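Here is the structure we will look at, set down as structure tokens.
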DNA sequence: ATGCTTTATAGGAGTTGACTTATATAAGCG
DNA sequence: CGCTTATATAAGTCAACTCCTATAAAGCAT
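Residue numbers (our numbering), protein chains in the order written: chain G, 1 to 123; chain C, 124 to 246.
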């Protein structure tokens, strides 16, 4: 399953958000998700499986508990794919910023179209 | 349809990649996609529709042609969602870089877990 | 061992989504 | 106008995904 497919599901995105705050047990994740989405324990378990098998999380056992944590591999892939579009909205401020932040890839791709100079209600 | 769902389809991702190089007519896109994926003209048209209706592209008519171009709205949303995870792999080099590149959001979210200090085979 | 907890799997139902072929709409051209 | 080109829509099929209930597996505690 492709990274973007995995992220296509709102439950899985939410699980990742939870894990972004730190390692969580399957049970803890299930509790939160159950409450927010009203789905069953097996449903959550299946989402955890997808995340696990597609590399978005790591798991370690601790007794009968399974502790899940974010693994960044696929997220970086997604980030990398997005890279080619960033020029469309970073035109004005990528002076020296992007260079550092992105590990000096990017650049070079400056010849896009002018877009519509959207102002971006960014926060 | 949520942005991530839209990007879940490989054909749509490819269409966006093509449009990232500049405005293209429906016909031009269809030609490329047909060749790469072997799907019909209506199939491509439907993908264009999804991209259009979910805000990933703009269209303008020129005679009987429809010229599609990337619109960045949803892509920025995706980028913003990813934001919370970037700390997991940018730990070492977000000195002044990210600040500029990301329009000074980020920061503040520094208290994650140490992850496993992956080195990232970043190009 | 028995039983309780924690998590995962199996099997099946309902929904959604991505194709296909056929056709509609609309502009350009003889 | 009738014909061709460019693109979109309609209707139907098929596969894939997500959920549910039921159940299994595995560690912990009495």
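From the three backbone atoms N, C-alpha and C, an ideal C-beta is built for every residue, glycine too. Just so you know, these numbers come straight off a predicted model, no measurement behind them.
### Query
What are the start and end residues of each continuous beta strand (DSSP E) run of 3 or more residues lying completely inside the stretch 163 to 210 of chain C, in chain order?
Counting only runs of 3 or more, we get 180 to 185 and 188 to 193.
### Task
Round the Cβ separation of residue 25(G) and residue 65(G) to the nearest angstrom and send it over; I've been treating them as touching at under 8 Å.
Confirmed, about 5 Å.
### Task
Express the C-alpha separation of residue 154(C) and residue 70(G) in angstroms, rounding to a whole number.
Their backbone Cα atoms lie some 40 Å apart in a straight line.
#### Entry: C-alpha distance - residue 190(C) paired with residue 4(G), whole-angstrom precision
Between residue 190(C) and residue 4(G), the C-alpha separation is close to 26 Å.
### Query
Going along chain C in order, which residues have a C-beta closer than 7 Å to the C-beta of residue 51(G)?
Chain-ordered listing is empty here: chain C has no CB closer than 7 Å to the CB of residue 51(G), the nearest sitting near 13 Å.
### residue 124(G): contacting residues in chain C (beta-carbon distance under 8 Å)
The shown model of chain G, from 1 to 123, leaves out residue 124(G), and the question about it has no answer.
### Query
What residues match up with residue 26(G) in a beta bridge as DSSP calls it?
Within the DSSP secondary-structure output, residue 26(G) pairs in no beta bridge.
### Task
Indicate the three-state DSSP secondary structure (helix, strand or coil) for residue 132(C) in the structure shown.
The answer is coil: DSSP assigns residue 132(C) none of H, G, I, E or B.
### Message
For residue 62(G) and residue 177(C), I'd like the C-alpha separation in whole angstroms.
### Response
Each residue's Cα considered, the two are about 43 Å apart.
### Message
Distance check for residue 163(C) and residue 242(C), CA to CA, integer angstroms please.
### Response
Summary for residue 242(C): the model assigns pLDDT 32, below 50, so the residue's position carries little reliability, and this model does not support an answer.
### Message
On a Cα-Cα basis, can you pick out the residue from 199(C), 131(C), 160(C) and 138(C) that is closest to residue 171(C)?
### Response
Among 199(C), 131(C), 160(C) and 138(C), the Cα nearest to that of residue 171(C) is on 138(C).
### Query
In chain C, what lies closer than 8 Å to residue 17(G) by C-beta?
Residues of chain C passing the Cβ test: 207.
### Query
I think residue 195(C) touches residue 85(G), with their Cβ atoms under 8 Å apart; what is that distance to the nearest whole Å?
Confirmed, about 7 Å.
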